[in-house]
Amino acid sequence: MQRPRLKMRLGDLLVDEGIISHEQLTQALQVQQDSGRKLGATLIELGYLSESQLADFLAQQLKIPRIDLSQRKVDKESLRLLPEIQARRHRALVIDHDQASATVAMSDPADLSTLDAVAQLLAPRELVVNVVPETELLQAFDVLYRRTQDIEQFASQLSDEYQEATEFDLGSEVLADDEGEATVAKLLQSIFEDAVQVRASDIHIEPDEKLLRIRQRIDGVLHENVLDETAIAAALVLRLKLMSGMDISEKRLPQDGRFNMRVRGHSIDVRVSTMPVQYGESCVLRLLDQSAGLLALEHTGMPDNIVARVRQLIKRPHGMLVVTGPTGSGKTTTLYGALSELNTEGKKVITVEDPVEYRLPRISQVQVNPKIGLDFSRVLRTTLRQDPDIIMVGEMRDKETVEIGLRGSITGHLVLSTLHTNDAITSVLRLIDMGAQPYLVAAALRGMLAQRLVRRLCEHCRQPHQPDELETQWLEHIDSGLSKRATFYHGSGCQRCNHTGYKGRIGVFELLEMNGPMTDALRDGNTREFVELARVSKGYRPMAMVALDYAEQGITSLDEVLFLAESVEDPLVQASTSESH
1 MQRPRLKMRL GDLLVDEGII SHEQLTQALQ VQQDSGRKLG ATLIELGYLS
51 ESQLADFLAQ QLKIPRIDLS QRKVDKESLR LLPEIQARRH RALVIDHDQA
101 SATVAMSDPA DLSTLDAVAQ LLAPRELVVN VVPETELLQA FDVLYRRTQD
151 IEQFASQLSD EYQEATEFDL GSEVLADDEG EATVAKLLQS IFEDAVQVRA
201 SDIHIEPDEK LLRIRQRIDG VLHENVLDET AIAAALVLRL KLMSGMDISE
251 KRLPQDGRFN MRVRGHSIDV RVSTMPVQYG ESCVLRLLDQ SAGLLALEHT
301 GMPDNIVARV RQLIKRPHGM LVVTGPTGSG KTTTLYGALS ELNTEGKKVI
351 TVEDPVEYRL PRISQVQVNP KIGLDFSRVL RTTLRQDPDI IMVGEMRDKE
401 TVEIGLRGSI TGHLVLSTLH TNDAITSVLR LIDMGAQPYL VAAALRGMLA
451 QRLVRRLCEH CRQPHQPDEL ETQWLEHIDS GLSKRATFYH GSGCQRCNHT
501 GYKGRIGVFE LLEMNGPMTD ALRDGNTREF VELARVSKGY RPMAMVALDY
551 AEQGITSLDE VLFLAESVED PLVQASTSES H
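Those letters in the sequence shown? Residues 1 to 581, by the UniProt record's numbering.
Laid out in structure tokens, this is it:
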């Protein structure tokens, strides 16, 4: 390999090219002498040039390509030629290879000692060197070096250790065998590390007839990893049952549990649910990052105008605020954000939850336990005798809980709760459908906050998008000429978003505040009139329109907007159903 070599020292070359001044070089060399860092990193830290400028300069001087890793698809087999620990140490990433050569992206190809070390690791292949900014390289490490290979390796090792065992025996053997138990622990650790690395909210362990599926929910969408070792499923579930305090002998009934563990510097609370299925037990793990802490209302993604209105609602001495949306839409995060603001020395706050997701100081938190009769309604009746100022009900599931919560809110308490409905208006109708008297709902309710999560477009591969026929029809139905006036975007997929076109999610909120005419319509039992008044009430904007605003700003795609719009039920249809009851 002919190693790229600078004809002069880097600092002198940068001064000759006029990129930095002689005085800046002198100062950088003094700082470098104290810190021991490389000159290029020191110059960037001092703000004398950017990482991109340095990469472009090195590419020009060394006559090697300057590449954009986010737009480059990296071959998985090539990636494995250089272990993660070596790749991070030398700031080098193998992006392609054949029998004779290996293409390597490096942040400092002018460092000959590093270059020699990488060449030795990849010998006898010749190096084809490319330059890339260091930050871009570090981001690629986080995305590309997944724990998939470790998971496959530990799964294969565990299967080999108990090759002759039946599925039942495998679980029993692991319980008694230290070596097998250690392998299961390593396998689970790798699964959790991989999930935390890709920001997964859930892990699904699903045994099938001839394979084991491990799926991760990332930004609301499941991503699948398939293992051939089907027999290890019982060992994994057994270990998770032990960790979460379940009955390991019971395989015929669903069970729930939880445990806490530390993964990659994060304190993770894991909620475990098992369910018997055709080929064993399915296990779903919900991951809650406790180390992230509680989010303030303004950090939940809620627009400033809605934050201000929600704060006005929760500062009232009594009444009920309902937060609604499907599972996984962030309702609990919003309620905890409100509680963190209400949690003061002068207020008695009691929560009734299933389960308690975050531990809060000064707040009395009650975990319901239906097995011993400690359900929502029973705890709530006791709660009202505990002299509370504020009550949070994790979820209103039945008529009795709804009525106790509503009556509590009209007897001088602020009540916060959640409900599973699609939008703010239908949450009111759902309370009536559950058996609450319309006059009671009218007297107690102050506001309904509905929310969803839509996927954010990846900023690095976002491109203008021409709406298709279906999208154009929907846009024209909303606003004639909108499809031609506005610019929409889609994600083409890149390395940083794992070629999905999306990275992260953002909340979509709609807030409906009760007013006099709406209250009168409910008190009269006229739900149809209530819906019509709610739709034109001040400050109300449907979620689909809020999501469309995000699409026009290039935050999300029309696909996400249409998916949200199609899932929201027409409140007038439900109003007709409620009246017929």
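Built from N, CA and C at the ideal position, the CB exists for glycine as well.
May I have the straight-line CA-CA distance separating Pro276 from Ile191, to the nearest angstrom?
Position 276 of the sequence shown, counting from 1, holds the residue named residue 276. Position 191 of the sequence shown, counting from 1, holds the residue named residue 191. One C-alpha to the other measures close to 21 Å.
Looking only at DSSP bridge pairs, what is Pro517 linked to?
Residue 517 sits at position 517 when you count from the first residue of the sequence shown. According to DSSP, Pro517 bridges with nothing at all.
What is the rounded straight-line gap between the Cα of Arg258 and the Cα of Leu294?
Here residue 258 is taken as the residue at index 258 of the sequence shown, counted from 1. Here residue 294 is taken as the residue at index 294 of the sequence shown, counted from 1. Those two C-alpha atoms are separated by around 20 Å.
Is Gly220 helix, strand or coil by DSSP?
For the purposes of this step, residue 220 is identified with residue 220 of the sequence shown, where counting begins at 1. If DSSP states are grouped into helix, strand and coil, Gly220 belongs with coil.
Along the chain, where does the alpha helix (DSSP H) containing Pro438 start, and where does it finish?
Within the sequence shown, residue 438 is the residue found at index 438, counting from 1. Start and end: Pro438 to Ala444.
Just mark Gln71 as buried or exposed, buried being the case when its beta carbon has 16 or more other beta carbons within 10 Å.
The residue labelled residue 71 in the question sits at position 71 within the sequence shown. Gln71 comes out exposed.
Inter-stretch contact at 8 Å, needing at least 3 Cβ pairs: the region 276-289 / the region 367-387:
no
Would you mind reading off the limits of the beta strand (DSSP E) that contains Asp202?
Here residue 202 refers to the residue found at position 202 of the sequence shown. Taken as a continuous stretch (DSSP letters only), the beta strand (DSSP E) holding Asp202 covers Asp202 to Pro207.
I believe His465 touches Leu558 by the beta-carbon criterion, under 8 Å. Please report the beta-carbon distance rounded to the nearest angstrom.
Walking along the sequence shown from the start, residue 465 turns up at place 465. Walking along the sequence shown from the start, residue 558 turns up at place 558. Contact holds; Cβ gap of about 7 Å.
Where the alpha helix (DSSP H) containing Ile432 begins and where it ends:
As a position in the sequence shown, residue 432 is number 432, starting the count at 1. Run containing Ile432: Ala424 to Asp433, per the alpha helix (DSSP H) assignment.
So for Arg456, helix, strand or coil by DSSP?
Residue mapping note: residue 456 aligns to position 456 of the sequence shown, counting from 1. Looking at Arg456 - three-state DSSP - the assignment turns out to be strand.
For Ser364, which three-state DSSP category applies?
Translated into the one-based positions of the sequence shown, residue 364 becomes position 364. Strand.
Leaving out five residues on either side along the sequence, give the residues of the same chain with a beta carbon under 7 Å from the beta carbon of Asp12.
By 1-based counting over the sequence shown, the position of residue 12 is 12. None.
On the CB-based measure, 16 or more other CB atoms within 10 Å of its CB, does Thr344 come out buried or exposed?
As a working note, residue 344 is residue 344 in the sequence shown. So Thr344 counts as exposed.
Threshold first: 3 residues or longer. Then list the beta strand (DSSP E) segments lying entirely within the region 312-367, N to C.
319-324, 349-353 and 364-367
I'd like to know if the region 46-59 and the region 474-492 are in contact, where contact means that at least 3 CB-CB pairs between them fall below 8 Å.
no
Return helix, strand or coil for residue 593, following the three-state DSSP convention.
Residue 593 is absent from the structure shown; the chain starts at 1 and stops at 581.
For Met243, which residues from the same chain have a beta carbon less than 7 Å from its beta carbon, with the 5 sequence-adjacent residues on both sides left out?
Position 243 of the sequence shown holds residue 243. The residues are Phe259.
Touching by the beta-carbon criterion (3+ pairs, under 8 Å), the region 438-451 and the region 318-330
yes
Look up Asn225 in the DSSP assignment and give the residues it is bridged to.
As a position in the sequence shown, residue 225 is number 225, starting the count at 1. Paired residue(s): Ile214.
3-residue-minimum beta strand (DSSP E) runs that sit fully inside the region 234-271, ordered along the chain
255-263
With distance defined between alpha-carbon atoms, name the residue in Ala235, Val263 and Arg262 nearest to Lys251.
Residue numbering aside, residue 251 sits at position 251 when the sequence shown is read from its first letter. Residue Ala235 is the option with its Cα nearest to Lys251.
Would you tell me roughly how many angstroms separate the C-alpha atoms of Ile372 and Tyr489, rounded to the nearest one?
Your numbering for residue 372 matches position 372 in the sequence shown. Your numbering for residue 489 matches position 489 in the sequence shown. If you take the alpha carbons of Ile372 and Tyr489, they lie about 53 Å apart.
Out of curiosity, what's the CA-to-CA distance linking Glu510 and Leu360?
By one-based count along the sequence shown, residue 510 stands at place 510. By one-based count along the sequence shown, residue 360 stands at place 360. Roughly 27 Å between the two C-alpha positions.
Cβ-based neighbour list, Arg262, same chain, cut-off 8 Å, excluding 5 preceding and 5 following:
Along the sequence shown, read from residue 1 onward, the residue named residue 262 stands at position 262. Correct list, in chain order: Ile268.
Within the continuous alpha helix (DSSP H) that includes Met543, where are the two ends?
Numbered from its first residue, the sequence shown carries residue 543 at position 543. Per DSSP, Met543 belongs to the alpha helix (DSSP H) from Met543 to Glu552.
CB Thr418 to CB Arg430, shorter than 8 Å?
Against the sequence shown, residue 418 aligns to sequence position 418. Against the sequence shown, residue 430 aligns to sequence position 430. No; because the gap between Cβ atoms is not below 8 Å, this pair is not in contact.
Residue burial classification, Phe530 (beta-carbon count within 10 angstroms, cutoff 16)
Taking the first residue of the sequence shown as 1, we reach residue 530 at position 530. Burial call: buried.
Range of the contiguous beta strand (DSSP E) that encloses Ile391:
Numbered from its first residue, the sequence shown carries residue 391 at position 391. Its beta strand (DSSP E) spans residues Ile390 to Val393.
Starting from the C-beta of Pro438, find all residues in its chain whose C-beta is less than 7 Å away, skip the five residues before and the five after it, and write them out in chain order.
By 1-based counting over the sequence shown, the position of residue 438 is 438. Here the set comprises Ile432, Leu522, Arg523 and Gly525.
Mind checking which residues open and close the beta strand (DSSP E) that includes Ile95?
Sequence index remark: in the sequence shown, residue 95 carries index 95 (1-based). Residues Ala92 to His97.
State the beta-bridge partners of Cys283 as determined by DSSP.
Numbered from its first residue, the sequence shown carries residue 283 at position 283. Cys283 pairs with Ile205 and Thr274.
According to DSSP, is Ser51 part of a helix, a strand, or is it coil?
Your numbering for residue 51 matches position 51 in the sequence shown. Looking at the sequence itself, residue 51 is Glu, so the reference to Ser does not match. Looking at Glu51 - three-state DSSP - the assignment turns out to be helix.
For Phe92, I'd like the list of residues in its chain whose CB is within less than 6 Å of its CB, leaving aside the five on either flank, ordered along the chain.
As a first step, residue 92 is located in the sequence shown; it is residue number 92 there, counting from the start. One point to set straight first is that residue 92 is Ala, not Phe, in the sequence displayed. Answer for Ala92: Val104, Met106 and Val118, listed in chain order.
Could you check what DSSP says for Asp289 in three-state terms: helix, strand or coil?
For this step, residue 289 is matched to residue 289 along the sequence shown. Residue state, collapsed to three classes: strand.
Taking just the CA atoms, how far does Glu193 sit from Gly40?
Taking the first residue of the sequence shown as 1, we reach residue 40 at position 40. Taking the first residue of the sequence shown as 1, we reach residue 193 at position 193. Going by the C-alpha atoms only, they are around 32 Å apart.
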